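Novice:
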Amino acid sequence: MSADIKRTSVVGGTLKLTAFAAFAALIVAASWQLTHERIEQNLHTARMAQFATVLSGVAFDRIDYDNPELVSPPHTLPGSTREVRIYRVYQNDAIVAWVFNVYAAGYSGPIELMVGIDRRQQVTAVRVLSHTETPGLGDDIERSKSDWIASFNNQALGDDQADWALRKDGGRFDAFTGASITPRAVVIAVRDTLRYAERYEETLIMEPSE
Amino acid sequence: MKSIIRDGLWQNNPGIVQLLGLCPLLAISNTAVNALGLAIATLFVLTFSNLTVSLARRGLQSEIRIPAYVLIIASLVTAIELFFHAFAPELHARLGIFLPLIVTNCAIIARAEAFASRQPPLRAVADGIAHGLGFAWVLMLIGVLREAIGSGRVFADLGTLIPGAGNAGLQFADGGLLIALLPPGAFFALALVLILRNLIVARQSATAAEPAHES
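Chains as they are written, first to last, in our numbering: chain A, 1 to 210; chain B, 211 to 425.
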């Protein structure tokens with residue numbers, strides 16, 4: 001007898017849980033339906049805004065978002081263990097600049113950077129996409145916290161690459177108060193990106209294969 | 211009904227009495243706006259999970275109660291995360307992992323099990339709102355404290371939560387004590403609030419005890 005009762009309660013419980021799961025799925029599906037277009041739009045706007053800021057001063061009419069050059073490790077770009085993306089920027093169907101999506105080795109984790117480089121091998125601008133640096137010390141790399149990141153604007157490697165470093169290391173870039181590991185990591189990352197762009201320029205100016 | 215509200219806001223406050231949900235409380239209270247965003251999300255999840263659990267309470271035998279709670283809470287959290295992503299994308303980015311982690315806030319499952327599973331819907335909703343607000347004011351108080359001490363202003367970046375509101379906030383000092391924004395500051399701020407609560411409770415019980423002595 002008691003086995004029968006137990007069986008019914010197992011079947012009943014399973015059915016009820018299934019109903020609950022269906023209800024839960026319904027909630028999630030309805031929310032997704034209501035929000036997904038707006039979310040995609042937000043992501044696109046955010047990405048557009050970021051591209052626009054790192055391409056300051058460049059005249060362009062098109063960014064090839066969908067076919068970035070994917071550079072798989074091992075490579076010499078910053079973030080050598082990760083896959084890195086390079087976006088081509090066009091004006092009248094000619095490549096006028098690239099946006100490198102690279103990772104600097106920060107004090108407490110990777111710092112995701114967007115580095116714009118034009119055909120003269122000059123940095124157009126650099127922006128930090130995400131990081132986990134100490135608030136109040138390392139987060140001056142954010143444009144909203146300080147102007148520091150703008151010190152890369154219109155900088156090129158130059159003949160004497162030794163001065164592409166922090167001033168305290170004998171270079172041309174100031175650090176900001178309270179931190180040196182974070183700014184050093186960003187300076188090195190931008191330098192390595194420029195070196196890569198110079199070395200592989202011939203491949204980079206080619207159209208994506210396909 | 212009155213006791214439900216007093217219970218959630220003060221007597222049995224999830225943040226400073228039950229000390230539940232401390233992980234988001236400590237991690238996201240670094241600015242007032244972050245705190246407000248997380249408070250709204252938690253309030254929403256708590257209220258609707260209480261309502262759903264209460265409506266389904268007769269059908270939920272003890273064997274399937276916990277998995278059912280988990281299903282409800284997880285789907286509500288996913289829903290609110292989607293809405294934050296759609297309508298407050300910058301705040302969504304800053305709350306990061308702590309928005310989906312509302313699912314692990316034991317204050318929510320505690321209310322479902324301890325209250326909503328044995329109460330009618332209206333009382334369950336009142337309880338959800340009361341405890342949500344109770345969690346919210348503690349989170350906000352700690353957020354305002356830490357932001358004020360840490361950076362000399364409050365409600366910076368309000369525009370990320372309420373479109374059109376300015377992002378400047380109320381600045382009243384230039385810079386501040388950095389430690390308040392760092393993780394240790396969260397523990398100090400929580401300790402201050404707990405001290406305050408204990409002082410108030412001690413005073414209340416002292417005044418309540420006095421007439422008894424005289425008689």
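Even glycine gets a Cβ: it sits at the ideal position worked out from N, Cα and C. Predicted, not measured: the structure shown is a model, and the values here were computed from it.
Let me know if B/Ala296 comes out buried or exposed under the rule of 16 or more other beta-carbons within 10 Å of its beta-carbon.
Specialist: Here the question's residue 296 of chain B lines up with position 86 in the second sequence. Per the 10 Å Cβ criterion, buried.
Novice: Under a three-way DSSP split, which group does A/Thr18 fall into?
Specialist: Stepping through the first sequence from its first residue, residue 18 of chain A is reached at position 18. A/Thr18: helix per DSSP, three-state reduction.
Novice: For the ligand GTP, is there a heavy atom less than 7 Å away from the beta-carbon of A/Arg199?
Specialist: Among the ligands in the structure shown, none appear at all, so the ligand GTP cannot be discussed.
Novice: What residue does the beta strand (DSSP E) around B/Val313 start on, and which one ends it?
Specialist: Sequence index remark: in the second sequence, residue 313 of chain B carries index 103 (1-based). First-last for B/Val313: undefined, no H or E at that position.
Novice: Helix, strand or coil, according to DSSP, for A/Thr124 in the structure here?
Specialist: Indexing the first sequence from 1 puts residue 124 of chain A at position 124. DSSP places A/Thr124 in strand when its eight states are reduced to three.
Novice: To be precise: take each residue of the stretch 271–285 of chain B, compare its Cβ to all Cβ atoms of chain A, and keep it if any distance is under 8 Å. Which residues remain?
Specialist: Within the stretch 271–285 of chain B, the residues whose Cβ lies closer than 8 Å to some Cβ of chain A are Gln271, Glu273, Ile274, Pro277, Ala278, Leu281, Ile282, Ala284, Ser285, listed in chain order.
Novice: Find the nearest neighbour of A/Thr110 within the set A/Pro73, A/Val126, A/Pro78, A/Arg85, judged by alpha-carbon distance.
Specialist: Along the first sequence, read from residue 1 onward, the residue named residue 110 of chain A stands at position 110. Looking at the sequence provided, one finds Pro at residue 110 of chain A rather than Thr. Checking every option, the nearest Cα to that of A/Pro110 belongs to A/Pro78.
Novice: Check whether the Cβ of A/Phe176 lies closer than 8 Å to any Cβ atom in chain B.
Specialist: Here residue 176 of chain A refers to the residue found at position 176 of the first sequence. No - not a single Cβ of chain B is within 8 Å of the one on A/Phe176.
Novice: For the stretch 233–242 of chain B and the stretch 268–279 of chain B, state whether three or more C-beta atom pairs, one from each stretch, are separated by less than 8 Å.
Specialist: Not touching, per the Cβ criterion.
Novice: Starting from the C-beta of A/Glu198, find all residues in its chain whose C-beta is less than 8 Å away, skip the five residues before and the five after it, and write them out in chain order.
Specialist: Here the question's residue 198 of chain A lines up with position 198 in the first sequence. Gln121, Leu157.
Novice: Here's the rule: buried if 16 or more other CB atoms are within 10 angstroms of the residue's CB, otherwise exposed. What is B/Ser415?
Specialist: Translated into positions along the second sequence, residue 415 of chain B becomes position 205. Exposed, because fewer than 16 other Cβ atoms sit within 10 Å of the Cβ of B/Ser415.
Novice: What residues are listed by DSSP as bridge partners for A/Val89?
Specialist: Position 89 of the first sequence, counted from the start, is the residue given in the question as residue 89 of chain A. DSSP, once it has assigned bridges, lists A/Ile63, A/Ala97 as partnering A/Val89.
Novice: Report the residue from A/Ile117, A/Ser80, A/Ser151 whose alpha carbon sits nearest the alpha carbon of A/Leu204.
Specialist: Locating residue 204 of chain A in the first sequence gives position 204, counting from the first residue. Selected option, being the one with the closest Cα: A/Ile117.
Novice: Tell me which residues share the same chain as A/Ser72 and place their Cβ nearer than 6 Å to its Cβ, disregarding the 5 neighbours each side in the sequence.
Specialist: Taking the first sequence and counting its residues from 1, the one referred to as residue 72 of chain A is at position 72. Excluding positions up to five away in sequence, the list reads Glu83.
Novice: For the stretch 32–63 of chain A, enumerate the residues whose C-beta is nearer than 9 Å to any C-beta of chain B, in chain order.
Specialist: Flagged, chain order: Trp32, Leu34, Thr35, His36, Glu37, Arg38, Ile39, Gln41, Asn42, Leu43, Thr45, Ala46.
Novice: With DSSP as the reference, label A/Asp118 as helix, strand or coil.
Specialist: Residue mapping note: residue 118 of chain A aligns to position 118 of the first sequence, counting from 1. Looking at A/Asp118 - three-state DSSP - the assignment turns out to be strand.
Novice: Taking buried to mean at least 16 other C-beta atoms within 10 Å of its own C-beta, is A/His131 buried or exposed?
Specialist: Numbered from 1 along the first sequence, position 131 holds the residue referred to as residue 131 of chain A. Buried is the call here.
Novice: According to DSSP, simplified to helix, strand and coil, what is B/Asp287?
Specialist: Residue 287 of chain B sits at position 77 when you count from the first residue of the second sequence. For clarity, residue 287 of chain B is Val in the given sequence; the question names Asp instead. B/Val287: helix per DSSP, three-state reduction.
Novice: For the alpha helix (DSSP H) containing A/Glu202, list its first residue and its last residue.
Specialist: Here residue 202 of chain A is taken as the residue at index 202 of the first sequence, counted from 1. It spans 201–204 - the alpha helix (DSSP H) in which A/Glu202 sits, taken as one unbroken run.
Novice: Which residue comes first and which comes last in the beta strand (DSSP E) that contains A/Val71?
Specialist: The residue labelled residue 71 of chain A in the question sits at position 71 within the first sequence. Start and end: 69–71.
Novice: List, in chain order, every chain A residue whose beta-carbon is nearer than 7 Å to that of B/Ser269.
Specialist: By one-based count along the second sequence, residue 269 of chain B stands at place 59. Checking the displayed sequence, the identity of residue 269 of chain B turns out to be Gly instead of Ser. The contacting residues are Lys16.
Novice: Rounded to whole angstroms, what's the CA-CA distance from B/Tyr279 to B/Ala324? Just pull it up for me.
Specialist: For the purposes of this step, residue 279 of chain B is identified with residue 69 of the second sequence, where counting begins at 1. For the purposes of this step, residue 324 of chain B is identified with residue 114 of the second sequence, where counting begins at 1. C-alpha separation (whole angstroms): 12 Å.
Novice: Establish whether the CB of B/Leu341 and some CB of chain A are separated by less than 8 Å.
Specialist: Walking along the second sequence from the start, residue 341 of chain B turns up at place 131. The question names Leu, yet the displayed sequence has His at residue 341 of chain B. False, the Cβ-Cβ gap to chain A never drops below 8 Å.
Novice: Would you identify the three-state DSSP class for B/Leu406, choosing helix, strand or coil?
Specialist: For the purposes of this step, residue 406 of chain B is taken as the residue at position 196 of the second sequence. It is helical.
Novice: Can you have a look at A/Met114 and say buried or exposed, based on whether 16 or more other CB atoms are within 10 angstroms of its CB?
Specialist: Position 114 of the first sequence, counting from 1, holds the residue named residue 114 of chain A. With 16 or more other Cβ atoms within 10 Å, it is buried.
Novice: Determine the chain A residues that contact B/Leu391 at a beta-carbon separation under 8 Å, and present them in chain order.
Specialist: Walking along the second sequence from the start, residue 391 of chain B turns up at place 181. Simply Pro135, Gly136.
Novice: Got a sec: which bits of the stretch 213–237 of chain B sit with their beta carbon under 8 Å from any beta carbon on chain A, in order along the chain?
Specialist: Listed in sequence order: no entries.
Novice: Below 7 Å between beta carbons is the criterion; list the residues of the stretch 349–368 of chain B that meet it against any residue of chain A, in chain order.
Specialist: The residues in question: there are none.
Novice: Taking the continuous alpha helix (DSSP H) assigned at B/Arg304, which residues delimit it?
Specialist: For this step, residue 304 of chain B is matched to residue 94 along the second sequence. Unbroken alpha helix (DSSP H) run through B/Arg304: 299–305.
Novice: Here's the rule I'm using: 16 or more other beta-carbon atoms within 10 Å means buried, otherwise exposed. How should B/Phe345 be labelled?
Specialist: As a first step, residue 345 of chain B must be located in the second sequence, where it is residue number 135. With 16 or more Cβ atoms within 10 Å of its Cβ, B/Phe345 is classed as buried.
Novice: Find the nearest neighbour of A/Val58 within the set A/Glu112, A/Asn154, A/Tyr103, judged by alpha-carbon distance.
Specialist: Within the first sequence, numbered from 1, the residue matching residue 58 of chain A stands at position 58. For the residues A/Glu112, A/Asn154, A/Tyr103, the minimum Cα distance to A/Val58 belongs to A/Asn154.
Novice: Tell me whether B/Arg189 is buried or exposed, calling it buried when 16 or more other Cβ atoms sit within 10 Å of its Cβ.
Specialist: Residue 189 of chain B lies beyond the stretch modelled for chain B, which goes from 211 to 425, so this question has no answer here.
Novice: Can the beta-carbon of B/Asn223 be found closer than 8 Å to that of B/Ala334?
Specialist: Within the second sequence, the letter at position 13 stands for residue 223 of chain B. Within the second sequence, the letter at position 124 stands for residue 334 of chain B. No; because the gap between Cβ atoms is not below 8 Å, this pair is not in contact.
Novice: Which whole-angstrom value describes the C-beta separation of B/Leu371 and B/Gly231, a residue pair presumed to lie in contact below a C-beta threshold of 8 Å?
Specialist: The sequence position of residue 371 of chain B within the second sequence is 161, counting from 1. The sequence position of residue 231 of chain B within the second sequence is 21, counting from 1. Their Cβ separation, rounded to whole angstroms, is 20 Å, which puts B/Leu371 and B/Gly231 out of contact at 8 Å.
Novice: Using the Cα positions of A/Phe51 and A/Ser144, report the straight-line distance between them to the nearest angstrom.
Specialist: As a working mapping, residue 51 of chain A is identified with position 51 in the first sequence. As a working mapping, residue 144 of chain A is identified with position 144 in the first sequence. Using only the alpha carbons, I get a separation of about 16 Å.
Novice: Taking the CB atoms as reference points, tell me whether B/Leu256 and B/Gly342 lie closer together than 8 Å.
Specialist: Translated into positions along the second sequence, residue 256 of chain B becomes position 46. Translated into positions along the second sequence, residue 342 of chain B becomes position 132. Yes, these two residues count as a Cβ contact at 8 Å.
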